[in-house]
Amino acid sequence: MIIHHPILGPRDAQEFVYLGDASLIERPDGMTAGVEVFHEYLYQRTNPAGEHRELWYHEQGDRSWLVVTRNTVTHEITRVELARDVARSKGRSK
Amino acid sequence: MSQSHRIEGGQIDRTKTLRFTFDGVPYQGHPGDTLASALLANGVRLMGRSFKYHRPRGPISSGSEEPNALVELRSGGRQEPNTRATVAELYDGLTANSQNRWPSLRFDAMGINDKLSTFFAAGFYYKTFMWPKSFWEKLYEPIIRRAAGLGSVTREEDPDAYDKGFLHCDLLVIGAGPTGLMAALTAGRAGKRLILADEDFRMGGRLNVETFAVGQALGADWAAGVVAELTSLPNVRLMTRTTVIGAFDHGIYGAVERVSDHLLAPAQGKPRQVLWRIYAGKAILAAGATERPVAFENNDRPGIMLAGALRAYATRWGVKVGERVAVFTNNDDGIRTAIDLQAKGVDVVAVIDSREGGALLPGIRHLQGAEVIDTSGKLGLKSVTIRQANGRSETIAVDALGVSGGWNPNVNIHSHHRSRPVYDDAIAAFVPGQDGPPGLSVAGAAAGAFSTHAALKTGRDAAIAALDLTGAAPDLPEAEDAPTRVTPLWFVHHGKGRAWIDQQNDVTVKDVKLAHQENFTSVEHLKRYTTLGMATDQGKTGNVIGLAVMAELTGRSIPDTGTTIYRPPYTPVALGTLAGRSRGKEFKPFRLTPSHHWAKEQGAIFVEVGNWLRTQWVPKTGETEWRQSVDREVLATRKSVGICDVTTLGKIDIQGTDAGAFLDRVYANTFSSLAVGKCRYGLMLREDGIVFDDGTTARMGENEYVMTTTTANAVTVFRHLEFCRQCLWPDMDVQLISTTEAWAQFSVAGPNARNLLEKVVDQDISDAAFPYMGAGNVTVCGGLRARLFRISFSGELAYEIAVPTRYGDALLREMLSKGAEYDPIVYGTEALGVMRIEKGHVAGGELNGQSTALNMGLGKMVSKKKDSIGMVLSQREGMVQENGYRLVGVKPVDPQGKLTAGSHFLEKGAAAVAANDGGWLTSKVYSPHLGCDIALGYLKGGDRKIGQRMRIVNLLGNLDTEVEIISPHMFDPEGERLRG
Amino acid sequence: MRYSGFRVIAEALTGHKGWKPVWRDPTPQAEYDYIIIGGGGHGLATAYYLAKEFGQARIAVLEKGYLGGGNVGRNTTIIRSNYLLDGNEPFYEFSLKLWEGLEQDFNYNAMVSQRGIINLIHTDAQRDAATRRGNAMILHGAGARLLNRDEVRAMYPWLNFDNARFPIKGALMQPRGGTVRHDAVAWGYARGADMRGVDLIQNCEVTGMRIENGRIRGVETSRGFIGAKKVGVAVAGSSSKVMAHAGMRLPMESHVLQAFVSEGLKPLIDGVMTFGAGHFYVSQSDKGGLVFGGDIDGYNSYAQRGNLPVIEDVAEGGMALMPAIGRVRLLRTWGGIMDMSMDGSPIIDKTPVEGLYFNGGWCYGGFKATPASGWAFAHLLVKDEPHKTATAYRFDRFLKGLMIDEKGQGAQPNLH
Amino acid sequence: MASLMALTALGAREPAVVEIGPLRITERTDLALASVAARRGRMADLAAAAQTAGVPLPEAARHQAGTSYSAFWTAPEMWFVEAPFGSHEMIADLLKTTLGDAASVTEQTDAWVAFDLAAADPAPLLERLCNVDFRAVPKGYATRTVVEHLGVYLVKLDQGTVRLYGPRSSAESLLHALEGAAASAW
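Residue numbers (numbering that gives the first Met the number 0), protein chains in the order written: chain U, 0 to 93; chain C, 0 to 979; chain L, 0 to 415; chain B, 0 to 185.
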């Protein structure tokens, strides 16, 4: 597969390490959320057959974490964003 | 009798003679020959035996679709089983042997299977061999396994090298027949980066075979002209002997280039084959079409082949397969074979044309509405029996028969993304369907456009479309544009004999009928039940016929019956090629420590730790047992001082104004409160509350920390930290970089550790100036920058000292010589393990990805006062059970008693059953200090069992040892030594 | 129709005219007591045991494609019970015991062949882990042996012993491990179920679930609504898709696992072997092909096809272990879709919907589990209680912190 | 300064020079290296300080040569800065002093082994080693890539010269891979 890195352009997916659903960005706050909320966050997956937003890490590249929107049936990639930007757009900061 | 069947013409170099042997018999051929063409030129038709019935077989094709003519090529470590003689390029000195026969190809004892074939109907084995139960492994299966298989593998190492590589292009053209050449010419002239790949050693495809003109030239000459032009273009890469094996995601194609297979052996330093990963902006599949036979009784005898192959042997290779030849066809292309052969002076005794009507061939006996119903000739064709339109049968003596049932477009690569081909009634064949690999278009015969004109035109158009070309395109040369005129004929209805569909796997029309009778009517069931299409040719010639037979039996149309799709690779690929250079010692790169060269001089024993080679121990003269060395290293360290290379531990530089706050989030314990110049043991959890990693992290400055990870987790911890930094807390001011290899780091441990270090460190490192858990920048040996950490994994007064890696070797030698008065020794990973287990420090065996801080006795380290990764989920009920596993120390009651890591805990007197399983030993060593085996283990409720006696049982080694459960801190539990 | 050697001979002598269809193609009835969604190995085994062992009737299996077309038809055919953890080992041992009597039980030769499995050991840490595992196996009655280097060498002298990057130091062996002719498992169960009146309905895709007041009433299918008192889902690979019809999210991801077969060869490898220093495992089929595999491709996928890097990675492992196979050719690759669960272990459990039961999350270990999975799922469907060997396979184990994580990789499905 | 004798990454006193066909591989032990990363929100400050200090901070995927300092981009807001080892052995300290608290600076000199590859056309070699489209990328291109399982930085210094930074501990394996590919390429 080829991932069009927002900074570096097309790169072979072999340079990346896959993590999983991009919802892993939305980690609850451990001081307020309990076991059930963390359970939902860490374990439950939508696992769609179709468009999937997922985290890839450019380990053999610039070490950027990316959010890749990819179709799990065709493997077509329609969007690639820096995970940091996505995280900020979700209101994450420090 | 040399080359008795060689006739005039062909693209072989008759000025040179190549010698080769088949089954030990010497023959001659010419450059340009394949093994099959050369054997046929020598009158050899029998080249193999079938898989199941061991039927005598010759080649049916002249290409990679060949199911029959499989040989063991070469010998020794280079022996290649199942090599298709039809594509094996002849070279001087080639040796080949027939396979799957005993004692010889002509007299194969297993040929008895053919006589008993009625007992070996499709799937018979599913219905028998079940009694008595134990006989399957003992009797039936061993017999079946010995009989099965095709070629044999030598047990020797393959001596040849294989390479891999990466290519980039705007356009990949797969196949260099008329379609591919025209596409390439169009793109090449437009200046596009182009790769043209063809599996043959000569480009041109069917143009090398056909006798008609393209433009003003013979087709082959036109092709040669185009190849010459393309060769002159700097933007074009022509790759002969290169098979595109698969279409993978996003325009990545795999291709195998056979660099040296046409040579006796690869040239010095050169690989046998190269696996290329081609990154193609666009691709055109111009793979042509494969002729298919017709199933009729005994249609598998040597001498019966595809009509196009019969023609190819005559025209391209100058070989007549037989003296008296007939052609059996249902389409006009078969007719072409008769015409070309006759023009070559071959005696064409009959054309058996299943179609009715139309013009009769002049000068040839042309029987219309006729079919071949049987053949004779045990080891090679002697006659065919035909049924004429009027129903009369007749036997005709022939020694070769060309069969054409039409042509199947080579859609294979187009369906590698699971696109299903669709049936085209006009050509009675499957053509590419929808949803093929994005960026891949199909042209020419592969798309069902069979005439030469259509090939040239669709090739050109495909290139224009793929690349959005706007300039002038090359003119199309004049070429034949004749229709194929095929009237489907899949199998000849006649009698009770066997008519082969899949020749290698011996699948006959009868087998398909039986599958239908038993309701294995889905195309996938048909394939799996009969093994149709599962042979080395993957059904390139037979699949469609099997499908058509099933369609007739079920009364459904062929499209309704379905089709199987093709998967990579297009043709089988040597595993060596797929592995490239990653084999033997080169399987993974080595990582060498800064002390490696010193250790090698000392005769050290090394151990693989991931990709690292670490010193396991350093034997001294006279030491014959590893334990002698390890015990000595431990005792010498505890007595005076020992040095260990710990460079392999991961080191991560963490800077930024939020570095401390960041560490508080990623570690279970707190780091923001750590004073500058101090270090602290850190425990890192995964989000699921399981311990991820541990290590000491030092605060080198207000906004600067150095984190240490375990050797094993250095990469995964770094990745995790980047995840936390970028995805969870994107606005924290934290910068990370690995410095693992930048510093050579040595542990210096033992009562004389400080004394020794004082010989090299330029600053005051007294206990007052550099207390326990101190950390800081120092210099050594008169000003070399260094880092010093006062940390201990051994329980001794200990430091870790780091210098830039290039000075590591020198620092080690300097410490050994400057500190000689303390008799320093260098210890390896074994002694390291002994000392850490004596101290109850966790390492690999305990950090197993299944254990919590609580399990390790470190539960209190998980701070609840702050949010950190894993804190919440570490509190789940199943992970805080009172009777859960706890880390304990173990020693045998009898000091002579033995322990083994991985052994399990049982109570005294308890039966060795799972219900009594108390846990297991994670790590075990011999402690020279305590004079007995000691171990760490996870024991259920272990914290409440200290002082109790249990048994340690290893059921794999008949070990049953009474032990005492003790604190994991087995040596100097108060830690007086390390604070000394 | 009972199969036997005599029958084969008798049919051979009379032109094979007497063989009957192995299963019927029934029209779906309006309602069943049990609907099993998924005509793969687990679904067919469940139906078979429901009828045979639990005496149930009015059972249908709904299959969207053809019987046995899922992972039971696309795996590397290995059976073993060499598991480590208490939650797993009794279940897989139960499964192995069922394999050992399976052919006589369903009168179909699935070629269950216990030629042994060895897991090669390359480091001391691996030996310690193998010792722990081997002891756990013996404690559970599964049997195990620890082989030293010489014993491995005696078995396969042509492995890379002398020039290995990671030397072979021994192996953990389960002599009872082996292989089974995978398609025959599906066909044997299908035939056995059909003979006992189970309706096996092919080309029938479930498109929805009718749930009223928290209770399942039946399923919508491409062939219309079919009512049911109880519905069991056994569609591993597609579990998330099917359970979404009931509004459920699952602790799993779908991933592609590729497998490979070489051209046919004369006997080279007798048993099953796994390489402990890379991603590679191999056996040789009775037909002669080397059947081998490695890691999953590693990203969510429903595509049933993989990519080149994993093919290369597997070949590298193979060549590192067996330098003699350089000229052996890879014939065919295929990809199956795995339910990769959050701890690498399966789920056989009730759901919040009354009458709806779930069986999935088999990761790439589902084939060997087929008999026990079918049996345990049938048990659950009939008795509403988990089978004694499957009590740990609950949905709530993640909430409770009772993961069954053999590899210790945590909640990252692609690492299991 | 110090009395300790350095060893090269290949364990020798002197850097290696290897010639294979038209290729010359030169081990570079005379380069000092440090990573420079902008502190959060301080990119402008860093850029200004770098400009003053003569430290180039090229855009993504680029290498830029300077008078004493050269640099290539490695990650968002992060660079590897090169300088002559003889004059800049203390490169990290020097850069910290000049760049101040706008940057996080870390010494990287000995984390890497550097090989300069020189040939009239290195493409036949590189296409056997990594997926970089060497013919297409411009002079000054810098990227991280993978060579025989090893993560390396590749810098196209000019049409015929390539610098590879590989993990120092694997210097021997990397050189071995280069030699094998070179023998195959030419």
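Note that the Cβ used here is the ideal one computed from N, Cα and C, for glycine as well.
Everything numeric in this text was worked out from a predicted model, so none of it was measured.
Counting C-beta pairs closer than 8 Å gives fewer than three between the stretch 582–595 of chain C and the stretch 789–797 of chain C, which falls short of the contact rule. In this structure Asn413 (chain L) touches Gly297 (chain L) by the C-beta definition: roughly 5 Å separates them, less than 8 Å. Where Arg143 (chain B) is concerned, the enclosing beta strand (DSSP E) starts and stops at 141–146.
For Pro177 (chain C), none of the residues of chain U pass the 8 Å Cβ criterion, the least Cβ distance being about 31 Å.
In this structure, Arg328 (chain L) keeps its C-beta atom at 8 Å or more from the C-beta atom of Asp157 (chain C).
Closer than 7 Å at the C-beta level to chain B, one finds no residue of the stretch 26–47 of chain U. Out of C:Ile604, C:Asp91, C:Gln78, the CA that lies nearest to the CA of Val152 (chain C) is found in C:Gln78. Under the three-state reduction of DSSP, Gly307 (chain C) is assigned to helix. Apart from the 5 residues on each side of it in sequence, Val841 (chain C) sits with its Cβ closer than 6 Å to the Cβ of Met855 in its chain, given in chain order.
Residues of the stretch 724–741 of chain C with a C-beta atom less than 7 Å from some C-beta of chain U are Gln725, Cys726, Leu727, Trp728, Pro729, Asp730, Met731, listed in chain order. Using a Cβ-Cβ cut-off of 7 Å, Arg631 (chain C) is close to nothing in chain L; its nearest Cβ partner there is about 20 Å away. In this structure, Ala31 (chain B) sits near Ala82 (chain B), with a CB-CB distance shorter than 8 Å. Within the stretch 201–237 of chain C, the runs of alpha helix (DSSP H) that reach at least 4 residues and sit entirely inside it are, in chain order, 218–231. Annotation: the continuous alpha helix (DSSP H) that includes Lys51 (chain L) extends over 40–51.
With a cutoff of 8 Å on beta-carbon distance, Tyr107 (chain L) and Tyr31 (chain L) are scored as not near each other. The beta carbon of Val924 (chain C) lies closer than 6 Å to those of Gly832, Val833, Ile836 in the same chain, with the five residues before and after it left out. Here the alpha carbon of Arg323 (chain C) sits roughly 20 Å from the alpha carbon of Pro292 (chain C). A contact is defined here as three or more CB-CB pairs under 8 Å, and the stretch 937–947 of chain C meets this definition with respect to the stretch 879–896 of chain C. For Tyr937 (chain C), the beta-bridge partners assigned by DSSP are C:Leu886, C:Trp919.
Against chain C, the CB of Leu7 (chain U) has no partner CB under 8 Å away; the residue lies outside that interface. Think of a sphere of 8 Å around the beta carbon of Trp55 (chain U): no beta carbon from chain C falls inside it, the nearest being about 11 Å out. Within the stretch 149–162 of chain B, the residues whose Cβ lies closer than 8 Å to any Cβ of chain U are, in chain order, Gly150. Nearest to His719 (chain C) by C-alpha distance, out of C:Met683, C:Ala697, C:Arg753, is C:Met683. Between the stretch 254–274 of chain C and the stretch 454–462 of chain C, the count of Cβ pairs shorter than 8 Å is below three; the stretches do not touch. At a cut-off of 8 Å between C-beta atoms, His452 (chain C) does not count as an interface residue with respect to chain U.
The beta carbon of Leu173 (chain B) sits closer than 6 Å to the beta carbons of Leu149, Gly165 from its chain, once the five residues preceding and following it are set aside; these are given in chain order.
Residues of the stretch 66–83 of chain U with a Cβ closer than 9 Å to any Cβ of chain C, in chain order: Val66, Thr73, His74, Glu75, Ile76, Leu81, Ala82, Arg83.
Neighbours of Glu171 (chain B) in chain C, taken as residues whose beta carbon is under 9 Å from its own, are Pro588, Phe589, Leu591 in chain order. Val952, Asn953, Leu954: these are the residues of the stretch 938–954 of chain C whose beta carbon lies less than 9 Å from some beta carbon of chain L, given in chain order.
When secondary structure is reduced to three states using DSSP, Trp625 (chain C) falls in the helix class. Neighbours of Arg10 (chain U) in chain C, taken as residues at a C-beta separation under 9 Å, are lacking, since the least C-beta distance is about 11 Å.
Per the coordinates, the alpha-carbon of Gly179 (chain B) lies some 16 Å from the alpha-carbon of Trp275 (chain C). Relative to Asp761 (chain C), the option among C:Leu787, C:Asp932, C:Thr739 whose CA is nearest is C:Leu787. Rounded to whole angstroms, Ser282 (chain L) and Thr388 (chain L) show a C-alpha spacing of 28 Å. Between Tyr937 (chain C) and the set C:Ser902, C:Ala146, C:Asp32, the nearest pair of CA atoms involves C:Ser902. Scanning chain U for C-beta atoms nearer than 8 Å to the C-beta of Phe490 (chain C) yields nothing, as the closest lies near 38 Å away.
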